[in-house]
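A quick write-up on the structure given underneath.
Next comes the structure, spelled out in structure tokens:
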């Protein structure tokens, strides 16, 4: 069987395979289903694919069987090691099952060298590979406005345009591996923006500014950026739900150094090195599964000052009393959360289809929340017994 390349891609004839249904992947796959494409998915935890199956997706039992029954295979995984196992180095890998003329598109933020290996292995089988990492986070995925950074054969990338158009805007950046190099450069830029935004907010608060007024005042000037639009309000609202995990930023920034070392070039990236250390601080604090906007918490800790004001603290503590009731009402949750790891920011409660986060760091985050409460307690206009009750509630939830 031969795939339709270079026959034009259409929903009626082009069969799509999708591997990787996490925070970003599930939304991207859902958009292809909504556009009318036939979709086969593979999930190591099949229960996590129920929401996509309810939209019409078929479930494969291995990457190779998925590849064998589809024309274009998309992967959206966590780490380069996952890509190696799923696509390349396994008896049931994608390339083991992909038919001649088939195309594999890797949306994972991975290593340029691995992308080149996959391209070479695919060509040896008469197939094609495109490295096409994305930028734009969960909002970009939801709205179909991702920046898709595509490396590989230019004609194949052009052929894929109808699929890329469903997900966002594809840009051909060069040969195999250059899509990944472009993503690393993107992450260096985004990381520096996140550091600047975090420090700007902390300084503004320390100087006595209303931080929302600060954002309103500067967003139209030179300081304005997509990072500010995506994450500024989230930082203030303490909305650290992940569009991309902070731990992945450590990986991406680290790969920039690896590429330089492998190729023997002398490229000094002091800003990227500092950004990597700050995001590593997030991971060390137990917050690696939070979104990258959580970087503001590292800057806050360094300065011993939180943006969160006392009235917001009280609301945050008290609303957690309603979480269990809301959680129990959602008995078809597709994510790895449980009543014993309840988190007010868990997307089982707020948006179980578009997000989903591992709540394993709840104890660390709750301990941090109590620390914030203690810092602000002297400002609260409450009777002593009310303060004690608030602290007791917070402590009980931490132990729970």
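Residue numbers (our numbering): -7 to 392. All residues carry an ideal CB built from backbone N, CA and C; glycine is no exception. This one's a predicted model, so the numbers in the text were calculated from it and none came from an experiment.
| Item | Value |
| --- | --- |
| Can you look up residue 244 in the DSSP assignment and give me helix, strand or coil? | helix |
| So what does DSSP say about residue 94, is it helix, strand or coil? | coil |
| Could you tell me if residue 233 is buried or exposed, where buried requires 16 or more neighbouring beta carbons within 10 angstroms of its beta carbon? | buried |
| Counting C-beta neighbours from all protein chains within 10 Å, is the total for residue 295 16 or more, i.e. buried, or is it exposed? | exposed |
| Could you name the residues of the same chain whose beta carbon sits closer than 7 Å to that of residue 203, not counting the 5 residues immediately before and after it, in chain order? | 193, 196, 197, 228 and 299 |
| Residue range of the beta strand (DSSP E) that residue 123 falls in? | 120 to 123 |
| Under a three-way DSSP split, which group does residue 193 fall into? | helix |
| So the beta strand (DSSP E) residue 139 belongs to, where does it begin and stop? | 138 to 143 |
| Tell me whether residue 167 sits in a helix, a strand or coil according to DSSP, three-state version. | coil |
| From 115, 121, 39 and 57, pick the residue whose C-alpha is nearest to that of residue 75; which is it? | 121 |
| With a threshold of 16 other CB atoms inside 10 Å of the CB of residue 285, please say whether the residue is buried or exposed. | buried |
| Pull up the DSSP beta-bridge partners for residue 198, would you. | In the DSSP output, where bridge partners are listed per residue, residue 198 has none listed. |
| Excluding the 5 residues preceding and the 5 following residue 119 in the sequence, name in chain order all residues of the same chain whose CB lies nearer than 6 Å to its CB. | 90 and 94 |
| Would you mind stating whether residue 69 and residue 100 have Cβ atoms separated by less than 7 Å? | yes |
| Let's test the definition: count the other Cβ atoms within 10 Å of the Cβ of residue 260 and tell me whether it reaches 16, buried, or not, exposed. | exposed |
| Buried or exposed for residue 5, please, with buried defined as at least 16 other CB atoms from any protein chain shown within 10 angstroms of its CB. | exposed |
| Along the chain, where does the alpha helix (DSSP H) containing residue 22 start, and where does it finish? | 17 to 26 |
| Specify the secondary structure class of residue 162 as computed by DSSP and reduced to three states. | strand |
| Counting beta carbon pairs with one atom in the region 149 to 167 and one in the region 258 to 278, are three or more of them shorter than 8 Å? | no |
| Going by DSSP in three states, residue -1 sits in which element: helix, strand or coil? | coil |
| Going by CA-CA distance only, name the one from 215, 132, 77 and 170 that's closest to residue 108. | 170 |
| Any idea what DSSP makes of residue 66, helix, strand or coil? | strand |
| Quick one: what's got a C-beta closer than 6 Å to residue 14's C-beta in the same chain, skipping five residues either side? | none |
| Ignore the nearest five residues each way along the sequence and tell me which others in residue 7's own chain have a CB closer than 6 Å to its CB. | 30, 62 and 63 |
| How would you call residue 0, buried or exposed, if buried means at least 16 neighbouring beta carbons within 10 angstroms? | exposed |
| Can you list, in chain order, the residues of its chain with a C-beta nearer than 7 Å to that of residue 27? Leave out the 5 residues immediately preceding and following it. | 3 and 158 |
| Which partner residues of residue 50 appear in the DSSP bridge assignment? | 32 |
| Spatial neighbours of residue 38 within its chain, please: C-beta separation below 7 Å, excluding the five flanking residues on both sides. | 51 |
| Do you know offhand how far residue 59's Cα is from residue 65's? | 6 Å |
| Could you give the distance in angstroms between the alpha-carbon of residue 392 and the alpha-carbon of residue 277? | Any reading at residue 392 needs caution, since the residue's pLDDT is 28, under 50, leaving its predicted position unreliable; the model's value is listed next. Residue 392 and residue 277: Cα-Cα distance of roughly 20 Å. |
| Cα separation between residue 230 and residue 87? | 42 Å |
| Let's see if you can read the secondary structure: which residues bound the beta strand (DSSP E) around residue 8? | 7 to 11 |
| Between which two residues does the alpha helix (DSSP H) holding residue 263 run? | 262 to 276 |
| For residue 338, count the other beta carbons within 10 Å of its own beta carbon; 16 or more makes it buried, fewer makes it exposed. Which is it? | In this predicted model, residue 338 has a pLDDT of only 38, less than 50, meaning its place in the structure is not dependable; the value taken from the coordinates is given anyway. By the 10 Å Cβ count, residue 338 comes out buried. |
| Taking C-beta to C-beta, are residue 165 and residue 174 nearer than 7 Å? | yes |
| My output table needs one value for residue 283: the three-state DSSP class, helix, strand or coil. | strand |
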